[in-house]
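For reference, each letter of the sequence shown is one residue, going 29 to 270 in the working numbering.
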Amino acid sequence: MEIELALNRWQCRHRKCGRRTFTDRLREIAAPYVRRTERMAEIVGLVGHRLGGRPGENLMHRLGMPISDDTILRQLKRGNPASIQKDTIRVVGIDDWSWRHSSRYGTIMVDLERHSVVDVLEDRSVESAKSWLQERPTIEVVSRDRCGLYAQAAREGAPQARQVADRFHLVQNLREAIKEQMSVYGHANVRPILSEDAIASAMSQQRRARLAHRQSRQEIFDTLQALRQQGLTYSEIARRTG
29 MEIELALNRW QCRHRKCGRR TFTDRLREIA APYVRRTERM AEIVGLVGHR LGGRPGENLM
89 HRLGMPISDD TILRQLKRGN PASIQKDTIR VVGIDDWSWR HSSRYGTIMV DLERHSVVDV
149 LEDRSVESAK SWLQERPTIE VVSRDRCGLY AQAAREGAPQ ARQVADRFHL VQNLREAIKE
209 QMSVYGHANV RPILSEDAIA SAMSQQRRAR LAHRQSRQEI FDTLQALRQQ GLTYSEIARR
269 TG
């Protein structure tokens, strides 16, 4: 569907004016300098956030709204973290991320109640994270990894907040603890549920079942070959054998 609109445009005659022309805005329909409506942009953002670039492109094509994966990713990167006010963030997640693998790292701040990124810091340091937290005194909970610098930043930048481990590292710690316990006690405590005779009987039954299935398929194959040698067509063979 295409929407054609007639808008007013004015020209400024003041030579020192930074803008030569002024045009009506369609705030409820589309943002300036874009080629899709706000509703379409919202759909693209939701699909891209859930699926990513290439899968999102495939789904949008199936829905009759063709758009490239690069456009989806560009729209996600243009998301405006500043729309979330500083005084409304209560639970924040802090983690590092890589500008360039094994070379340069930054810090990402996530509002865990809204499930959205609110800021990206240039570096991974105590001072930058501390300053960011100090500007937001409403923070009550800081979820972080086991990195010592983020613990220090939270203590100094948000002393009123409670520090907790994020879900990923809790699961990681649990997995490591279970693996360690299994390596120490697992082999000694393993006991077969069935007796050796029962296991041997079950295995022999499985072998007999596989052998019977193989013999049945071989008989069908031999029958088809015999009918084919008699000169029957494939259609006639199909009618006879069902």
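Every residue gets a Cβ at the ideal spot worked out from N, C-alpha and C, and that includes glycine.
As the structure is a prediction and not an experimental result, all values here were calculated from the model.
inquiry  = Since V72 and L87 should fall inside the 8 Å C-beta cutoff, what is the C-beta to C-beta distance between them, to a whole number of angstroms?
reply    = Your numbering for residue 72 matches position 44 in the sequence shown. Your numbering for residue 87 matches position 59 in the sequence shown. Incorrect: roughly 11 Å between the Cβ atoms, too far for contact.
message = Between the alpha carbons of R172 and L161, how many angstroms are there, rounded?
response = What you label residue 172 is simply residue 144 of the sequence shown in a count that begins at 1. What you label residue 161 is simply residue 133 of the sequence shown in a count that begins at 1. So the alpha carbons of these two residues sit roughly 13 Å apart.
query = So, is G185 buried or exposed, given that buried needs 16 or more other C-beta atoms within 10 angstroms?
reply = Residue 185 sits at position 157 when you count from the first residue of the sequence shown. Buried.
ask   = Under the DSSP definition of a beta bridge, which residues are partnered with Y133?
value = Counting from one through the sequence shown, the residue named residue 133 turns up at place 105. Note: Y133 sits in a beta bridge opposite S126.
Rounded C-alpha distance that separates D194 from R53 = Here residue 194 corresponds to residue number 166 of the sequence shown, with the count starting at 1. Here residue 53 corresponds to residue number 25 of the sequence shown, with the count starting at 1. Computed Cα separation, rounded: 43 Å.
key: 7 Å Cβ shell around Y262 - same chain, five flanking residues per side excluded   = As a position in the sequence shown, residue 262 is number 234, starting the count at 1. Counting only Cβ-Cβ distances below 7 Å, and skipping sequence neighbours, we find nothing.
key: Residue of R48, C40 and R63 minimising C-alpha distance to D33   = Taking the first residue of the sequence shown as position 1, residue 33 is located at position 5. For the record, residue 33 in the displayed sequence is Leu; it is not Asp. Among R48, C40 and R63, the Cα nearest to that of L33 belongs to R63.
ask   = In this structure, what does DSSP give as the bridge partners for D147?
value = Along the sequence shown, read from residue 1 onward, the residue named residue 147 stands at position 119. According to DSSP, D147 bridges with M137.
task = Taking V170 as part of the beta strand (DSSP E), name the residues at either end of that continuous run.
result = Along the sequence shown, read from residue 1 onward, the residue named residue 170 stands at position 142. Unbroken beta strand (DSSP E) run through V170: V169 to R172.
ask   = So, is V212 buried or exposed, given that buried needs 16 or more other C-beta atoms within 10 angstroms?
value = Start at 1 with the first residue of the sequence shown, and residue 212 comes out as number 184. So V212 ends up on the exposed side.
request  = Could you tell me whether the Cβ atoms of V138 and V169 are closer together than 9 Å?
outcome  = Working through the sequence shown from its first residue, we reach residue 138 at position 110. Working through the sequence shown from its first residue, we reach residue 169 at position 141. No; because the gap between Cβ atoms is not below 9 Å, this pair is not in contact.
task = Note down the Cα distance separating A110 from V146, rounded to an integer number of angstroms.
result = Position 82 of the sequence shown, counting from 1, holds the residue named residue 110. Position 118 of the sequence shown, counting from 1, holds the residue named residue 146. Because A110 sits at a pLDDT of 48, beneath the cut-off of 50, its placement in the model cannot be relied upon, and the following sentence gives the value as read from the coordinates. So the two alpha carbons sit approximately 7 Å from each other.
ask   = For the 8 Å Cβ check, are there 3 or more pairs between the stretch 147–156 and the stretch 124–136?
value = yes
key: Per DSSP, the bridge partner or partners of A193   = By one-based count along the sequence shown, residue 193 stands at place 165. Its beta-bridge partners are R172.
request  = Could you check what DSSP says for R238 in three-state terms: helix, strand or coil?
outcome  = As a first step, residue 238 is located in the sequence shown; it is residue number 210 there, counting from the start. Looking at R238 - three-state DSSP - the assignment turns out to be helix.
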